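Undergrad: First the structure, then my questions, so here it is.
Protein chains in written order, with UniProt numbering: chain C, 1 to 284; chain G, 1 to 284.
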């Protein structure tokens with residue numbers, strides 16, 4: 001039986017860290033402000049929004065919601081971003097994506113001030129991740145994976161990590177973050193040959209394809225640490241990861257569950273980034 | 001005996017392509033302008049400068065040299081960059097690096113206008129490489145490796161490429177460029193465990209560590225394609241790559257020599273980027 005790398009204690013640890021920092025900021029008269037920017041009424045967005053609101057509330061972070069009509073124009077979204085940029089009571093902004101398909105999403109992302117881009121969606125933030133520079137914020141999901149690895153003391157130096165999925169939300173940024181910690185990183189994707197064999201050879205596997213239970217027993221080997229980043233629904237409507245947990249859990253050394261794994265930590269990382277953004281305004 | 005992936009035919013092909021494009025630009029009254037910006041008198045820089053000047057001349061590209069004193073200030077270098085940015089007769093700029101250690105090099109790189117940054121040194125250009133966006137220019141050495149692979153019809157889709165070295169000049173950007181072409185990419189470095197075994201398992205190996213002849217026979221296997229990006233001098237003062245060519249060449253399927261390999265193509269790519277930059281000004 002694998003060790004279960006639950007998100008809960010990581011969430012609790014982050015909450016504890018944040019608690020003191022929010023209090024220190026309050027002493028200086030600063031209330032952390034989180035902007036949630038949503039276009040339309042997609043159920044996924046609404047669900048994440050509710051989670052973020054609750055979490056923020058419990059931590060003393062103030063939430064400002066902006067909801068735009070699904071038919072909003074490019075200029076309309078960029079005006080909302082400008083408002084966020086200009087509002088000193090807002091320290092960080094989470095914009096739900098994808099935006100409607102007629103919108104130039106990258107232009108919107110790049111309009112967000114780097115110091116308020118707490119989910120690493122702007123080119124400047126991603127450049128910093130690529131270049132190992134300490135400014136801006138990394139995408140929250142990638143940062144959440146790093147938090148989980150560190151919380152459970154998974155050695156990264158010299159470890160061989162296979163990352164499956166090459167998105168800018170998780171695959172590429174986490175590859176850079178792991179590389180910075182001296183891991184050897186293999187980036188895989190849908191065109192990788194003998195994917196199962198490549199995965200089996202790794203010390204750590206990060207699964208980030210967004211396909212329900214696509215990774216079965218043949219992709220894993222004993223003692224591996226498996227991070228399952230997927231948040232999918234199966235045919236029965238049940239929440240599940242990219243990994244077939246029931247099949248894989250008996251084989252590997254440690255694995256994050258879904259739900260209750262990386263996803264739960266991601267929201268906490270978002271809050272930590274808001275607090276960090278607020279702190280940076282005081283030291284600037 | 002391995003197939004020798006010489007740079008010469010690649011250089012000739014690029015020169016041929018450029019020839020027609022320089023002529024078309026001339027028809028529109030545009031002479032391609034290349035700025036070479038150098039601080040101090042480092043022999044490496046002088047040597048690369050001479051090569052670039054000669055190559056530019058032979059292609060009808062005009063060179064403007066700016067030489068700053070080694071003791072130049074941050075403001076002094078940035079003023080030189082501003083001049084390049086503002087000069088319409090200059091389409092691209094190559095700045096020799098590293099800059100003196102008291103200079104904030106990244107700030108200087110980021111001061112260069114993205115459209116004139118033909119060696120991909122600015123954060124914006126590197127972000128574009130990371131994000132697979134088609135603007136700016138990739139670092140020339142990484143682009144030269146891609147040119148060589150394509151010239152010799154090395155299949156990239158699904159190929160497993162091991163890149164040794166994680167610099168922003170070559171390792172990281174070429175990893176992204178290969179990933180975009182659907183290769184599976186492993187990024188290795190000085191802390192990689194069992195490096196030789198990892199290298200032996202690859203279809204293509206890119207060696208970019210800058211250590212003279214550090215890669216011996218044990219790092220390679222039959223049929224591999226080896227790109228040697230190193231430009232080093234051995235104890236005897238002889239130019240050599242990162243790969244021990246004499247030892248490795250009999251084993252692998254194909255290999256780039258040093259000299260006469262990637263390095264020679266890099267200068268050509270720089271020229272191609274200047275021409276491309278000049279063309280972009282006409283379509284803007």
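Ideal placement from N, C-alpha and C gives every residue a C-beta, glycine not left out. Since this is a predicted model, take the numbers as computed values, not measurements.
1. Is it buried or exposed for residue 58 (chain G), if we count other Cβ within 10 angstroms and need 16 for buried?
2. Counting only beta-carbon separations shorter than 9 angstroms, does residue 215 (chain G) have a partner in chain C?
3. Flag residue 176 (chain G) as yes if its beta-carbon sits less than 9 angstroms from any beta-carbon of chain C, otherwise no.
4. Taking C-beta to C-beta, are residue 200 (chain C) and residue 219 (chain C) nearer than 9 angstroms?
5. Could you check where the alpha helix (DSSP H) with residue 285 (chain C) kicks off and where it finishes?
6. Is any beta-carbon of chain C found at less than 9 angstroms from that of residue 140 (chain G)?
7. Under a CB-based cut-off of 9 angstroms, is residue 112 (chain G) close to chain C?
8. In or out: residue 268 (chain G) buried (at least 16 other Cβ within 10 Å) or exposed?
9. With 8 angstroms as the C-beta to C-beta threshold (strictly closer), list the residues of the segment 112–128 of chain C near chain G in chain order.
10. For residue 109 (chain G), which residues from the same chain have a beta carbon less than 7 angstroms from its beta carbon, with the 5 sequence-adjacent residues on both sides left out?
11. Just confirm the distance between the C-beta atoms of residue 136 (chain G) and residue 144 (chain G), as a whole number of angstroms; I'd bet it's less than 8 angstroms.
12. For residue 169 (chain G), which of G:1, G:152, G:106 and G:151 has the nearest alpha-carbon?
13. Counting only beta-carbon separations shorter than 9 angstroms, does residue 224 (chain G) have a partner in chain C?
14. Would you mind working out which of C:101, C:193, C:63 and C:180 sits nearest residue 157 (chain C), comparing C-alpha positions?
15. Would you mind reading off the limits of the alpha helix (DSSP H) that contains residue 45 (chain C)?
16. Check whether the segment 33–41 of chain G and the segment 72–87 of chain G touch, using three or more Cβ-Cβ pairs below 8 angstroms as the test.
17. By DSSP, does residue 34 (chain C) sit in helix, in strand, or in coil?
18. Check each candidate in C:141, C:182 and C:153 and name the one with the smallest Cα separation from residue 167 (chain C).
19. In whole angstroms, what is the alpha-carbon distance linking residue 275 (chain C) and residue 80 (chain C)?
20. Within 10 angstroms of the Cβ of residue 1 (chain G), are there 16 or more other Cβ atoms? Answer buried if so, exposed if not.
21. DSSP puts residue 77 (chain C) in a beta bridge; with which residues?
22. With respect to the beta strand (DSSP E) encompassing residue 252 (chain G), which residues constitute its N-terminal and C-terminal limits?
23. Using the Cα positions of residue 160 (chain G) and residue 161 (chain C), report the straight-line distance between them to the nearest angstrom.
24. Work out the CA separation of residue 235 (chain G) and residue 101 (chain G) for me, nearest whole Å.
25. Can you find a heavy atom of the ligand SAH that lies under 8 angstroms from the Cβ of residue 60 (chain C)?
26. Quick one: is residue 219 (chain C) near chain G, going by C-beta distance under 9 angstroms?
27. Looking at residue 178 (chain G): is its Cβ nearer than 9 angstroms to the Cβ of residue 207 (chain G)?
28. Report the neighbours of residue 105 (chain C) on chain G: residues whose CB is nearer than 8 angstroms to its CB, in chain order.
29. Rounding to the nearest angstrom, what Cα-Cα distance links residue 65 (chain C) and residue 91 (chain C) in this structure?
30. Whole angstroms is fine: what's the gap from residue 139 (chain C)'s alpha carbon to residue 277 (chain G)'s?
31. Is there at least one Cβ from chain C nearer than 9 angstroms to residue 188 (chain G)'s Cβ?
32. Assign residue 49 (chain G) to buried or exposed, taking buried as 16 or more other Cβ atoms, counted over all protein chains shown, within 10 Å of its Cβ.
33. If you draw a straight line from the alpha carbon of residue 250 (chain G) to that of residue 193 (chain C), how long is it in whole angstroms?
34. Along the chain, where does the alpha helix (DSSP H) containing residue 141 (chain C) start, and where does it finish?
35. Contact criterion: CB-CB distance below 9 angstroms. Does residue 184 (chain C) meet it with respect to chain G?
36. What do you get for residue 242 (chain C), buried or exposed, if any count of 16 or more other CB atoms within 10 angstroms of its CB means buried?
TA: Once the coordinates are examined:
1. exposed
2. no
3. yes
4. yes
5. This structure cannot settle anything about residue 285 (chain C), because the visible part of chain C is limited to 1 through 284.
6. no
7. no
8. buried
9. 123, 124, 126, 127 and 128
10. 121 and 122
11. With 8 angstroms as the limit, residue 136 (chain G) and residue 144 (chain G) do not qualify as a contact, their Cβ atoms being about 17 angstroms apart.
12. G:106
13. no
14. C:180
15. 43–59
16. yes
17. strand
18. C:141
19. 22 angstroms
20. exposed
21. Bridge partners of residue 77 (chain C): none, in fact.
22. Neither: residue 252 (chain G) is in no beta strand (DSSP E) and is coded neither H nor E.
23. 15 angstroms
24. 26 angstroms
25. As for the ligand SAH, it is missing from this structure, which has no ligand bound.
26. no
27. no
28. Result: empty, since nearest Cβ-Cβ is about 12 angstroms, beyond 8 angstroms.
29. 13 angstroms
30. 32 angstroms
31. yes
32. buried
33. 27 angstroms
34. 140–151
35. yes
36. buried
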